[in-house]
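Student: At position 82 of the sequence shown the residue is numbered 85 (my numbering), and the sequence of numbers has no breaks. Cβ coordinates follow ideal geometry from the N, Cα and C atoms, glycine included. Let me give you the structure first, and then I'll get to my questions.
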Amino acid sequence: MVSLLIGVNDTWRRYDSDQHSPVDTWEHEYHLLLTRLHAHCGPRLVLIEPFLVPVTAAQWNWRDDLDPRIQAVRRLAAAHRRPTPGRRRPAEPGGPRDG
Numbered sequence: 004m005v006s007l008l009i010g011v012n013d014t015w016r017r018y019d020s021d022q023h024s025p026v027d028t029w030e031h032e033y034h035l036l037l038t039r040l041h042a043h044c045g046p047r048l049v050l051i052e053p054f055l056v057p058v059t060a061a062q063w064n065w066r067d068d069l070d071p072r073i074q075a076v077r078r079l080a081a082a083h084r085r086p087t088p089g090r091r092r093p094a095e096p097g098g099p100r101d102g
């Protein structure tokens, strides 16, 4: 079994180093990786949605970059028929938790 947790570092680098990784390009490269893995050894794959736990108020803005990556992982999982153990989004300070 192979589990993949990819994406949060791309988000992180956008905000700490101004290195942008367009989500459509990122999703395509992720798809190619999954295709190569399947062709090479056909492992059981689990795609884990990228996540972050904000420790500063500014990090809540990272969701603008991270949320599209989460959606991309969900699309890839569906296309490749792989499970995605989801994570709950942390509650915003003073706000309700989502389900």
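1. Cα-Cα, which of Glu32, Leu69, Glu52 and Arg16 is closest to Leu7?
2. Does the beta-carbon of Gly10 have 16 or more other beta-carbons within 10 angstroms, so that it is buried, or is it exposed?
3. Between which two residues does the alpha helix (DSSP H) containing Ile73 stretch?
4. Could you tell me which of Met4, Arg47 and Thr28 sits nearest to Pro71, measuring between CA atoms?
5. In chain order, what residues of the same chain lie with their CB nearer than 8 Å to the CB of Arg47, ignoring the 5 residues before and after it?
6. On the DSSP letters alone, give me the boundaries of the beta strand (DSSP E) that Val5 sits inside.
7. When we look at the beta-carbon of Leu35 and count the other beta-carbons within 10 Å, is it buried (16 or more) or exposed?
8. To which residues of the same chain is Pro37 closer than 6 Å at the C-beta, ignoring the five residues directly before and after it?
9. Would you kindly check if the distance between the Cβ of Leu50 and the Cβ of Thr87 is under 9 Å?
Tutor: Let me lay it out:
1. Position 4 of the sequence shown, counted from the first residue, corresponds to residue 7. Here the closest residue by C-alpha is Glu52.
2. One-based indexing of the sequence shown puts residue 10 at position 7. Buried, since its Cβ has 16 or more Cβ neighbours within 10 Å.
3. The residue you call residue 73 lines up with position 70 of the sequence shown. Residues Arg66 to Ala82.
4. Numbered from 1 along the sequence shown, position 68 holds the residue referred to as residue 71. Nearest to Pro71 by alpha-carbon distance, out of Met4, Arg47 and Thr28, is Thr28.
5. By 1-based counting over the sequence shown, the position of residue 47 is 44. Cβ neighbours of Arg47 beyond the five flanking positions: Met4 and Val5.
6. If you number the sequence shown from 1, residue 5 lands on position 2. Segment Val5 to Leu8, the beta strand (DSSP E) holding Val5.
7. Here residue 35 refers to the residue found at position 32 when the sequence shown is read from its first residue. Exposed, because fewer than 16 other Cβ atoms sit within 10 Å of the Cβ of Leu35.
8. To locate residue 37, count along the sequence shown from 1; it is residue 34. For clarity, residue 37 is Leu in the given sequence; the question names Pro instead. Cβ neighbours of Leu37 beyond the five flanking positions: His83.
9. For the purposes of this step, residue 87 is taken as residue 84 along the sequence shown, with counting starting at 1. For the purposes of this step, residue 50 is taken as residue 47 along the sequence shown, with counting starting at 1. The answer is yes: Cβ separation under 9 Å.
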